[in-house]
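Taking it in order: structure first as structure tokens, then the write-up.
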Amino acid sequence: MNERIVNLAAAALLLAGCSAVGPDYAEPEQTTADAVGAWPSATAAGEAVSTGAPPEAWWRELGDTTLDRLVELAIAANYDLRVAVANVEAARAALRGVETRRRPRVDLNATVQERRDASGLLILADPHQRFPTTSSGTFSADLGWEIDIFGRVRRSIEAAVADLGSAQAVRDAVITAVLAEVARNYVALRGAQTRLSVAQHNVDVQRQTMDLVGLLLQEGAATDLDMARARTQLLTSEATIPRLRASARAAANRLTTLTGQAPGALDAELAAPAPLPPLPAMVAVGAPLDLLRRRADIRAAERAIAAAAARIGIATADLYPTVSFGARVGVGGTPLSSLTSAGGPFFSLGPALTWNLFDRKGIYARIAQQDSAAAAGVARFEAAVTGALEEVDTALRSWLDERERRARLEQARSASRDATRLARLRYREGVEDFLTVLDAERRLLEVEDQLAASEIALAENLVEIYRALGGGWETATPPEYVPYAP
């Protein structure tokens with residue numbers, strides 16, 4: 075009998091290494107990225123766009139030490155990133171838990187009972203009567219081992235490994251998003267400060283113009299209408315300053331939150347006005363196919379398909395029996411003192427089979443559910459690939475068009491300055507009326523503000539290019555996981 079049990083267990087172990095039901099995972103084909111040989115918007119970009127590999131630490135291309143420090147703070151303390159790191163640890167712990175199913179499980183059991191038998195006795199006859207008492211107890215060690223003949227455990231481990239990879243990819247995607255958000259808000263801060271400086275300069279110029287009108291009014295060379303118009307334009311320009319100050323404050327507050335700092339902790343560092351970071355003359359975008367390696371969200375979508383495919387196998391394994399091998403050794407006896415006697419020990423050994431034969435429809439429904447989840451995962455993967463290609467090309471086109479717009483605005487600013495200078499000169503000479511001066515100053519203010527906004531948009535478009543390219547996570551070291559400590 076014992077020999078048959080051993081042979082049966084050996085055969086089960088051999089079968090466990092032979093097969094696993096359900097589909098074996100294969101990575102989805104990259105047909106979309108393969109079809110795009112080059113970025114459409116880069117074909118006519120000339121030297122402004124390079125097909126070289128994008129820089130991993132792309133924010134350093136802007137050459138701003140303050141931005142570099144903000145990035146370091148965000149990587150070390152950003153709240154969303156800490157959540158992503160904790161999720162990775164949770165997925166890693168889940169994998170460790172699933173891997174334990176490969177090994178035998180040992181349970182220790184101890185039971186002590188005391189039984190009083192009142193059968194055949196009349197309780198009311200003697201309330202103080204003592205009943206016969208019997209004590210018993212058992213102490214055992216139970217060993218259980220699931221023989222993974224149909225791959226249920228193996229597919230569970232595959233799913234857990236894929237879940238861990240997905241969590242790691244999501245963490246990397248969060249790093250990319252945080253880097254871009256820090257850079258974008260830093261650009262917004264410096265851009266608001268730049269526009270504030272432009273607005274303040276124009277206010278000063280218009281105040282000088284109003285003072286000039288006041289002098290001419292005293293000499294009879296200007297009218298009260300000229301003074302009213304000058305004052306109106308000055309107040310209108312001054313009205314733009316509070317809004318720009320609020321924009322700068324909002325960007326500074328956002329940077330404080332992104333870096334995990336206390337409110338006001340960065341005020342001393344960010345309050346002093348500074349220009350926008352200098353922008354590189356050329357941007358390297360690589361090839362579309364390289365995007366699949368860098369974009370963490372694409373990697374997360376691919377790992378989700380792998381997990382779903384493994385879960386099809388887990389559900390399919392329910393169609394087949396579960397074979398386990400068990401053993402039990404212990405001591406027990408009645409009365410309790412017999413635990414140490416010669417007759418107390420006991421031992422059992424043998425296989426067990428569990429088979430759910432009457433829930434086939436439910437099992438097939440669960441298989442179909444997991445199959446649908448895998449199909450949805452493939453669609454999400456393809457959408458992620460297509461969306462990534464779209465984001466890069468759109469950001470690249472926006473950056474190139476904004477470069478052209480900025481060049482035109484620089485020319486317009488030069489022409490507007492000449493027009494304003496000539497209008498003031500002709501007004502002093504009495505050739506033009508004051509309305510011409512006001513119109514020239516208004517146009518100059520608009521052009522200078524549009525140019526400042528274009529500089530901001532150009533920097534934001536560059537940040538968006540690097541975000542869409544998915545870089546940054548390769549060189550960033552995420553914060554260490556801090557266990558929960560109530």
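Under our numbering, residues 75 to 560 are what the sequence shown spells out, in order. Heads up, the beta-carbon is just placed ideally off N, CA and C, and yes, glycines get one too.
### Close Cβ partners of alanine 254 (< 6 Å) along its chain, the five nearest in sequence each way excluded
Reading the sequence shown from its first residue, position 180 is the one you call residue 254. Non-local C-beta neighbours of alanine 254 in its own chain, meaning closer than 6 Å and more than five positions away in sequence, comprise Val537, Arg541, ordered along the chain.
### Task
Quick one: residues in its chain with C-beta nearer than 8 Å to the C-beta of glutamine 443, no 5 flanking neighbours on either side, listed in chain order?
Here residue 443 is taken as the residue at index 369 of the sequence shown, counted from 1. Cβ neighbours of glutamine 443 beyond the five flanking positions: Ala389.
### Exposure of alanine 94, with buried meaning 16 or more beta-carbon neighbours within 10 Å
Translated into positions along the sequence shown, residue 94 becomes position 20. Answer is buried; the Cβ neighbour count reaches 16.
### Beta-carbon contacts of alanine 148 that lie in its chain and below 6 Å, excluding the five residues immediately before and after
Looking up residue 148 in the sequence shown gives position 74. So the qualifying residues of the chain are Val252, Val256, Leu332, Thr333.
### Task
Determine the burial state of glutamate 343: buried for a count of at least 16 other Cβ atoms within 10 Å of its Cβ, exposed for fewer.
Counted from its first residue, the sequence shown places residue 343 at position 269. So glutamate 343 ends up on the exposed side.
### Query
Does DSSP put alanine 449 in a helix, in a strand, or in coil?
The count along the sequence shown starts at 1 and reaches residue 449 at position 375. Helix at alanine 449.
### Query
DSSP beta-bridge partners for tryptophan 219?
Locating residue 219 in the sequence shown gives position 145, where the first residue counts as 1. Tryptophan 219 pairs with Phe399.
### Query
Would DSSP call arginine 170 helix, strand or coil?
Position 96 of the sequence shown holds residue 170. Here arginine 170 sits in helix by DSSP.
### Task
Return the bridge partner residues of glutamine 187 from the DSSP annotation.
Position 113 of the sequence shown, counting from 1, holds the residue named residue 187. Per DSSP, Ser210.
#### Entry: Beta-bridge partners of valine 123, as assigned by DSSP
Residue 123 sits at position 49 when you count from the first residue of the sequence shown. Partner(s): Val357.
### Query
If you measure from the beta carbon of alanine 151 to each beta carbon in chain D, is any gap under 8 Å?
Here there is only one protein chain, and chain D is not present.
### Task
Give the DSSP-derived three-state secondary structure of valine 261 in the structure shown.
On the sequence shown, position 187 is the one that residue 261 refers to. Of the three classes helix, strand and coil, the one that applies to valine 261 here is helix, per DSSP.
### Task
Thinking arginine 368 and leucine 543 are a contact (beta carbons under 8 Å), I'd like their distance in whole angstroms, please.
Mapped onto the sequence shown, residue 368 falls at position 294. Mapped onto the sequence shown, residue 543 falls at position 469. That belief holds up - the Cβ atoms of arginine 368 and leucine 543 are roughly 6 Å apart, short of 8 Å.
### Query
By Cβ distance below 8 Å, which residues in the same chain neighbour serine 230 in space, the five residues on each side in sequence not counted?
Reading the sequence shown from its first residue, position 156 is the one you call residue 230. Hits under 8 Å: Val172, Arg175, Ala384, Ile388.
#### Entry: valine 244 in three-state terms, based on DSSP
By 1-based counting over the sequence shown, the position of residue 244 is 170. Helix at valine 244.
### Task
Count the other CB atoms, across all protein chains shown, that sit within 10 Å of the CB of valine 186; report buried if there are 16 or more and exposed otherwise.
Here residue 186 is taken as the residue at index 112 of the sequence shown, counted from 1. Looking at its Cβ environment, which holds fewer than 16 other Cβ atoms inside 10 Å, valine 186 is exposed.
### DSSP beta-bridge partners of aspartate 181
Within the sequence shown, numbered from 1, the residue matching residue 181 stands at position 107. Answer by DSSP bridge pairing, in chain order: Asp216.
### Task
Can you say whether tryptophan 429 is buried or exposed, counting buried as having 16 or more other CB atoms within 10 angstroms of its CB?
As a first step, residue 429 is located in the sequence shown; it is residue number 355 there, counting from the start. Flag for tryptophan 429 reads exposed.
### Task
Using beta-carbon positions only, say whether glycine 451 and alanine 375 come within less than 8 Å of one another.
Here residue 451 refers to the residue found at position 377 when the sequence shown is read from its first residue. Here residue 375 refers to the residue found at position 301 when the sequence shown is read from its first residue. Yes; because the gap between Cβ atoms is below 8 Å, this pair is in contact.
### Query
For glycine 288, does the three-state DSSP call read helix, strand or coil?
Translated into positions along the sequence shown, residue 288 becomes position 214. Residue state, collapsed to three classes: helix.
### Message
Just verifying my parser: in three-state terms, what is the DSSP assignment at alanine 165?
### Response
The residue you call residue 165 lines up with position 91 of the sequence shown. Helix, per DSSP.
### Task
Spell out the partners DSSP gives leucine 423 in its beta bridges.
The residue you call residue 423 lines up with position 349 of the sequence shown. Paired residues: Ala401.
### Task
Kindly indicate the opening and closing residues of the alpha helix (DSSP H) around phenylalanine 508.
Mapped onto the sequence shown, residue 508 falls at position 434. Segment 508 to 543, the alpha helix (DSSP H) holding phenylalanine 508.
### Query
Hey, would you say alanine 449 sits closer than 8 Å to aspartate 237, going by beta carbons?
Numbered from 1 along the sequence shown, position 375 holds the residue referred to as residue 449. Numbered from 1 along the sequence shown, position 163 holds the residue referred to as residue 237. No, they are not a contact pair.
### Query
What are the partner residues of threonine 333, as DSSP defines its beta bridges?
Here residue 333 refers to the residue found at position 259 of the sequence shown. The partner list for threonine 333 (beta bridge, DSSP) is empty, contrary to what the question assumes.
### Task
Keeping to the same chain, check which residues put their C-beta closer than 6 Å to that of alanine 447; ignore five residues upstream and five downstream.
For the purposes of this step, residue 447 is identified with residue 373 of the sequence shown, where counting begins at 1. The answer, listed in chain order, is Ala382.
### Query
With DSSP run on the structure shown, which of helix, strand or coil describes threonine 26?
This structure gives no information on residue 26, because the portion of the chain shown stretches from 75 to 560.
### Message
Using only the alpha-carbon positions, how far apart do isoleucine 372 and tyrosine 260 sit?
### Response
Working through the sequence shown from its first residue, we reach residue 372 at position 298. Working through the sequence shown from its first residue, we reach residue 260 at position 186. C-alpha separation (whole angstroms): 27 Å.
### Close-in-space but distant-in-sequence residues of the same chain around alanine 416 (CB under 8 Å, 5 per side omitted)
Within the sequence shown, residue 416 is the residue found at index 342, counting from 1. Confidence in alanine 416 is poor, its pLDDT being 47 and thus under 50, which makes the residue's placement too unreliable to answer from.
### Message
Taking only three categories from DSSP, how would you classify glycine 406?
### Response
Counting from one through the sequence shown, the residue named residue 406 turns up at place 332. Three-state DSSP puts glycine 406 in a strand.
### Query
Ends of the alpha helix (DSSP H) at arginine 303?
Mapped onto the sequence shown, residue 303 falls at position 229. Note, arginine 303: alpha helix (DSSP H), 298 to 312.
### Query
Quick check: the stretch 126 to 134 against the stretch 359 to 366, are there 3 or more CB pairs under 8 Å?
yes
### Task
Provide the residue span of the alpha helix (DSSP H) that contains glycine 225, from first to last.
Position 151 of the sequence shown holds residue 225. Glycine 225 -> no alpha helix (DSSP H), and no H or E assigned at all.
#### Entry: Element boundaries [alpha helix (DSSP H), containing aspartate 98]
Counted from its first residue, the sequence shown places residue 98 at position 24. Unbroken run through aspartate 98: none, as it is neither H nor E.
### Task
Could you please give the first and the last residue of the uninterrupted alpha helix (DSSP H) stretch that includes arginine 143?
Here the question's residue 143 lines up with position 69 in the sequence shown. Run containing arginine 143: 139 to 151, per the alpha helix (DSSP H) assignment.
### Inter-residue spacing [alpha-carbon to alpha-carbon] between proline 553 and alanine 151
As a first step, residue 553 is located in the sequence shown; it is residue number 479 there, counting from the start. As a first step, residue 151 is located in the sequence shown; it is residue number 77 there, counting from the start. Proline 553 and alanine 151 have their C-alpha atoms spaced approximately 7 Å apart.
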